[in-house]
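Here's the structure we're looking at; comments come further down.
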Ligand code: SF4
Ligand code: SF4
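Spelled out as structure tokens, the structure:
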């Protein structure tokens, strides 16, 4: 089934801006009772959703109303943090007379996890290993809904990404930059010009990836960069090899169970027990490792167990990721799950306040506001990946030497495949075509 709203989102290349980049047009072809606006940005030091809502709440709400129309939802709930007073004011004004409801979340981590958002907004628990749509919900990030509105209203493609730059920078800031801009150019906007490359956590302190190559580009799913000195705790943790982490986990895990006791999915009532997955390190390559691997399958990879709960600085999250690989590659049947009826009795008391997490991560001195700036970056060159989403990579539809206009499609998805097209983010000349398309400003 097609709808004009889903079609416009597809043509514009809208993907989930809050994480993995699931193509939004697919979500908009589902049927659901609730459209949930995920404004509960919970990564320490990242503020781009908050800043976006402060300035563009009417667009976000319009996008939500259009998305709700597409999926046939009769309720729209906007989840935002109760500590974001100025954002609440902006959203309250934008929703006036629309019927859109507000749900205020506590300032805890990971309040932006889809399972948490659905529970907090509707009191429903998604089936284990299931999706929000299985309990009548579609969850969408605020930037995604902003892009849905612009696509439906103006036919505007996704050419820019909203992000925060924070950490070891000049002035932390939140802004909009063309997709494909090198990380180095974005960091330089803060007034900080790195003489030698510092470490950058792309996507946040908890779930982001370590980047040391600052020529890498901003993508549609980039939420922000945390710049850190190379000897920071988080950089050292990210720099450890998998083999070293497994060796350490094998010998140092005392089965204290803190990783399980604080796990947000466990606290919601799901069958996940990362301390048992740590036992699987003892059975690596042996017969019953699949049994222990079951206990990591429902992990959302929030990293709370590894970076906060574990007193030994071990990596149960990584063990959970590894356990998923083990089960995928084994002949074992998929686990049979029990649907939780309610969260754990202690779930409310064990929510992790963001301030505590910031202290544990050694980020206090960087925990500053990152106010919005209207400065628009005009990079001389952009490198636009042909795969910025879940699904198939785009096929290039431009060639080297060709002149392209900002907003022009440059990559398309093969007929019938999952994905989203990509567009030129600056006007210029195509200088390279491979897994990415390079455009130089002319
Ligand atoms: S918290 Fe650390 S030491 Fe304790 S069981 Fe989990 S991995 Fe082992
Ligand atoms: S990363 Fe750790 S805390 Fe987070 S869901 Fe997975 S096991 Fe639980």
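Residue numbers (my numbering): 2 to 443.
Even for Gly, the Cβ is constructed at its ideal location relative to N, Cα and C.
The closest heavy atom of ligand 2 lies 8 Å or more from the beta carbon of residue 239.
Nearest C-alpha to residue 269 among 15, 355, 294, 300: 300. Bounds of the beta strand (DSSP E) holding residue 210 are 210-212. Distance from the Cα of residue 394 is smallest, within the candidate group 145, 438, 112, 205, for 438.
Counting C-beta pairs closer than 8 Å gives fewer than three between the segment 342-361 and the segment 180-197, which falls short of the contact rule. By the criterion of a C-beta distance shorter than 6 Å, residue 177 is surrounded in its chain by 161, 163, once the five residues flanking it on both sides are discounted. When rounded, the separation of the alpha-carbon atoms in residue 350 and residue 134 is 28 Å. Residue 271 and residue 120 have their C-alpha atoms some 13 Å from each other. Residue 167 counts as buried, since at least 16 other C-beta atoms from the protein chains shown sit within 10 angstroms of its C-beta.
The segment 86-98 makes no contact with the segment 14-27; the number of CB pairs closer than 8 Å stays below 3. The beta carbon of residue 386 lies closer than 7 Å to those of 218, 220, 436, 437 in the same chain, with the five residues before and after it left out. Spanning the alpha carbons of residue 379 and residue 392 requires a straight line of approximately 30 Å. If you draw a straight line from the Cα of residue 67 to the Cα of residue 18, it is about 17 Å long.
Per the DSSP secondary-structure output, residue 430 pairs in a beta bridge with 404, 441. Under a 10 Å Cβ-count criterion, residue 316 is classified as buried, with 16 or more other Cβ atoms of the shown protein chains found around its own Cβ.
A heavy atom of ligand 1 is found nearer than 8 Å to the CB of residue 279.
Residue 381 counts as exposed, since fewer than 16 other C-beta atoms from the protein chains shown sit within 10 angstroms of its C-beta.
Leaving aside the five residues that flank residue 397 on each side, the residues in its chain whose CB is nearer than 8 Å to its CB run, in chain order, 387, 411, 412, 434, 438. Under DSSP, residue 226 takes part in a beta bridge, and its partners are 166, 203.
The C-alpha of residue 328 lies about 8 Å from the C-alpha of residue 295. Residue 134 is bridged by DSSP to nothing; it lacks a bridge partner. With a beta-carbon spacing of about 11 Å, residue 136 and residue 37 fall beyond the 8 Å limit used to define contacts.
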